[in-house]
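Data first, discussion second: the structure below is written as structure tokens.
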Amino acid sequence: MPDKTRARLGIVGYGSMGSNHAHSMAQLENVDFVAASDVMPANLEQAKRDHGVAIYSDFREMLAKENLDGILIATPHYDHVPVSIAAFEAGVSVLTEKPLAADIADARKMIATYEAAKASNPDLLFAAMFQQRTYGHWRKIKEMIDEGALGKLIRATYIITNWFRTQAYFDSGGWRATWSGEGGGVLLNQCPHNIDIYQWLVGMPNRVTGFTSLGKYHNIEVEDEVTAYMEFDNGMIGHLITSTGEAPGSDRLEIVGENGKLIFENGKLTFFRTKESVLDLIDNSPERFLHVEHSIEDVPYPEPTTGNHIAIIENFADVILNGGDVTVPAVEGAGSLELANAILLSSFDHCTVDLPLDGEAYQRKLQELINTSSFVKPEVKSADDDMSKSFQ
Ligand SMILES: NC(=O)c1ccc[n+]([C@@H]2O[C@H](COP(=O)([O-])OP(=O)(O)OC[C@H]3O[C@@H](n4cnc5c(N)ncnc54)[C@H](O)[C@@H]3O)[C@@H](O)[C@H]2O)c1
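Heads up, the sequence shown is in my numbering, so the first residue is 177 and it goes up one at a time.
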């Protein structure tokens, strides 16, 4: 453990999110933001102007020269892989933006490199930026599920269609919404947070059937509308519906258990609590048509309910300095990527896929999509950099 009060951190990828995270680092008392790496000279100059940090066009040089405790990766998705692997090989901890990578085979490679490096460097960290795990409502729901308030889980349905995006958004970055630049659409860019929360709350399914529409609402080659049906080991079923083409969108999570139903929607958490287990009633009630008695309870939960990337960075620095657990270990963050890949593979192959996903099979499919792509990206227009609008 380093004998100091501030972790020396660098950022790889000083674009929209990287500059946002730099602003957070500058506010934190346990972080020394000392270096930035980017492939665009203008972004590097911006980092120097904003924070007076050392700048590098090559992240490997930054890793070699800056004696960093950790880096935050905020590059496009495919670059998360070589950057994190180089960091682990240099003995530097990593906090990566979501998703871990574009496909689960690459994410498993990152995790394997981390595990190998950790064997000789036990303090090495690999964390993921899934800031929604800090939100009060998700933490409350997790607590209720783990305490058994719902009993045996029966169904978890997440309708998360409030990721509305215009064509101008997709045209604002050359790598956006392409197989070669991003590795997918709503499942890889907007929805990973929601899929992460879903699998954190109810676990991973063992079978997935997915239906996706490619470029249905936008001139893009990747998915902008998704429906998935999921089957779990314990008999629970699940649904995920997401879209970037709907407005006003929904953000509604329903989790049904034998003891009732939890609904989170419009910032309100409601527990429809049954007096008796519904599964017991099915088996034992003599009534043929039963009104199941239940109460309706508003469940309070703490702040925060949005933003909060800063808490993930603060925790990363704190664990570097003092030990403990990172908020979201990358290995857990891999679940949302595996699920996203499984939904896409199922949709492409018109079949149900089993989990754990055959990562190589998905990687071959992704490579085929990249190789056969004839999509021509429109001329890149300048981006609206108010990133706070992106995670509302
Ligand atoms: N956690 C969140 O709420 C949230 C929100 C938006 C985006 N993201 C994620 O943040 C990441 C970055 O997204 P963005 O919107 O900031 O993209 P962006 O295009 O604005 O920024 C990416 C930056 O990475 C740089 N870059 C590319 N390859 C590089 C390399 N090899 N080495 C160094 N720099 C390199 C680019 O020049 C650019 O400056 C993505 O993983 C995205 O999914 C997370």
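Even glycine gets a Cβ: it sits at the ideal position worked out from N, Cα and C.
Please read these numbers as outputs of a predicted model, since none were measured by experiment.
Can you tell me which residues form a DSSP beta bridge with residue i?
i      : result
Arg331 : Ile413 and Val432
Tyr232 : Ser213
Tyr405 : Thr385 and His415
Phe302 : Val270
Asp471 : Reading the sequence as shown, one finds Ser at residue 471 and not Asp. Paired residue(s): Arg449.
Asp208 : Arg184
Lys437 : Val432 and Phe448
Glu399 : Leu390
Pro252 : None, per the DSSP bridge assignment.
Ile247 : Gly186 and Val270
Ile336 : Thr418 and Asp427
Pro505 : Ala303
Using C-beta distances below 7 Å, list every residue in its chain close to residue i, excluding the 5 sequence neighbours before and after it, in chain order.
i      : result
Asn517 : Asp279, Ile280, Leu533 and Tyr538
Phe235 : Val188, Ser213, Val259 and Ala262
Met366 : According to the sequence shown, residue 366 is Gln rather than Met. If we look at Gln366 and ignore the five residues flanking it on each side, its Cβ neighbours are Trp339 and Thr420.
Ser512 : Pro275, Pro368, Ile371, Asp372 and Gln375
Ile396 : Phe346, Ala353 and Gly361
Met201 : Leu185, Val207, Phe209 and Ile489
Gly327 : Gly433, Glu434, Asn435 and Ser453
Gly191 : Asn219 and Ala250
Trp351 : Pro252, Gly357 and Glu358
Ser522 : Val384, Thr385, Gly386, Thr528 and Val529
Gly535 : Asp279, Ile280, Ala281 and Arg284
Phe306 : Lys274, His369, Asp372, Val504 and Gly509
His227 : Ala198, Ala202 and Phe209
By the 10 Å Cβ neighbour count, where 16 or more other Cβ atoms means buried, how is residue i classified, buried or exposed?
i      : result
Gly386 : buried
Ile472 : exposed
His569 : Shown here, the chain extends from 177 to 568; a query on residue 569 therefore has no answer.
Asn547 : exposed
Pro275 : buried
Glu514 : buried
Ile458 : exposed
Pro252 : buried
His526 : exposed
Ser269 : buried
Met238 : buried
Thr181 : exposed
Arg225 : exposed
Asp322 : exposed
Ala344 : exposed
Gln543 : exposed
Lys392 : exposed
Lys451 : exposed
Asp299 : exposed
Asp179 : exposed
Asp400 : buried
Gly194 : buried
On the premise that residue j lies in contact with residue i, defined as a C-beta separation below 8 Å, what is that separation, rounded to the nearest angstrom?
i      : j      : result
Asp245 : Leu185 : 7 Å
Val475 : Thr503 : About 23 Å separates the two Cβ atoms, so there is no contact after all.
Gly359 : Ala353 : Rounded, the Cβ-Cβ distance is 10 Å, inconsistent with contact.
Ile287 : Ala510 : 7 Å
Asn435 : Ala325 : 7 Å
Ala211 : Val229 : 5 Å
Leu363 : Leu520 : 6 Å
Thr388 : Val402 : 5 Å
Val507 : Leu301 : Actually they are not in contact, since the Cβ atoms of Val507 and Leu301 sit about 11 Å apart, beyond 8 Å.
Leu438 : Ile317 : 6 Å
Phe440 : His470 : About 17 Å; that fails the 8 Å criterion.
Tell me which same chain residues have a C-beta within less than 6 Å of the C-beta of residue i, skipping the five on either side of it?
i      : result
Leu271 : Leu248, Ala303 and Phe492
Val432 : Ile330 and Arg331
Met406 : Pro381, Val384 and Gly414
Ala283 : Leu276, Ala277, Ala510 and Leu513
Asp427 : Ile336 and Asn338
Ala554 : Just to set this straight, residue 554 is Pro in the shown sequence, not Ala. Only Asp347 meet the Cβ criterion.
Phe551 : Glu397
Phe264 : Thr289, Tyr290 and Ala293
Asp409 : Asn382
Glu430 : Thr333 and Ile439
Only counting the same chain, and skipping five residues up and downstream in sequence, which positions put a Cβ closer than 8 Å to that of residue i?
i      : result
Leu204 : Ile486, Ile489, Glu490 and Ala493
Glu601 : There is no way to answer for residue 601, as the model of the chain reaches only from 177 to 568.
Pro217 : Ser233
Tyr215 : The question names Tyr, but residue 215 is Val in the sequence shown. Cβ neighbours of Val215 beyond the five flanking positions: Ser233.
Asn243 : Arg184
Ser549 : Thr354, Trp355, Ser356 and Glu397
Counting contacts by CB-CB distance shorter than 8 Å, is residue i in contact with chain B?
i      : result
Gly421 : The structure shown contains no chain B, having only a single protein chain.
On the three-pair Cβ rule with 8 Å, is the region 370–380 touching the region 403–418? yes
Using a Cβ distance threshold of 8 Å, determine whether the region 282–300 contacts the region 464–471, with at least three qualifying pairs required. Not touching, per the Cβ criterion.
Cβ contact check for the region 311–325 and the region 477–487: 3 or more pairs under 8 Å: yes
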